[in-house]
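Each remark here refers to the structure printed beneath this line.
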Amino acid sequence: METSPNRLLIVFLKAPVPGEVKTRLCPPLTPDEAAAVYRRLVGHTLQSVSGLSPAPALWLYHTPPDASGQIQDAFSPPAHAIFKAQPPDTDLGQRLEFIFHAAFAAGFQHVAAIGTDCAELAPAHLEQAFAALERNPVVLGPAHDGGYYLIALSQPAPALFRGIPWSTEYTLTSTLAAAHREDLPVTLLDWLHDVDTPADLDRFPALRS
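Mind the numbering: the sequence shown is residues 21 to 229 in this note's numbering, read in order.
Structure, rendered in structure tokens:
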């Protein structure tokens, strides 16, 4: 597989353990059913990642720290993926700041991070994110719930991860305000839907089967 030496894609993901993933779908789903939805979302995400050519370097940033074998067995990620454990007892902002710092320290110039909640994510969105970093230092993929499904940077920007109300309707606007304070121009991608609640799941019935 042809890979890009300057681009890195980071995927945040969890071991697909019932009762530990997609808990906001329960009820009406059972923990096993919610875990099955999660597995389908991760599969969709990794399929989107595999559609990129040339492929960026790929870090799978996972929790719990000992989950790499379980994730490998459950999802068969691309062969060039590198597993990295998320540090325990950290919030999302701390994890994002840590992994972006590590990425730039490793020499990557264009770095994007995504989760596994977006059923509408396509390879084109990832391609657009990396292309946009040629123009602006920050790219965000806005989600309709007020968060974002993607963040990409061409330079360190720790201020974007500090003092942000994570997992709220204000996550995106607070991040945009932080970028404005730091004089960092932002490119916004298409608005997409994450799947976090039963109402979200109703938009994507195929995830149930």
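For glycine and all other residues, C-beta sits at the position ideal for the given N, C-alpha and C. Quick caveat: nothing in here was measured; it's all calculated off a predicted structure.
In terms of Cβ geometry, Ala199 and Leu212 do not form a close pair [threshold 8 Å].
For Val37, the three-state secondary structure derived from DSSP is coil. The Cβ atoms of Leu141 and Thr207 do not sit closer than 8 Å to each other.
Annotated three-state conformation of His164 is coil, per DSSP. Within the same chain, Trp79, Tyr81 come within 6 Å of Lys104 by CB-CB distance, once the 5 residues on both sides are set aside. DSSP places Thr43 outside any alpha helix (DSSP H), giving it a letter other than H or E. Sixteen is the threshold: when 16 or more other Cβ atoms of the shown chains lie within 10 Å of the Cβ of Gly135, as they do, the residue is buried. Spanning the alpha carbons of Leu146 and Val69 requires a straight line of approximately 8 Å. With contacts defined as CB atoms closer than 8 Å, Leu192 and Ala172 fail to qualify as a contacting pair. Contact between Pro157 and Pro205 holds: CB atoms are separated by about 7 Å, below the 8 Å threshold.
With a cutoff of 8 Å on beta-carbon distance, Asp137 and Leu61 are scored as near each other.
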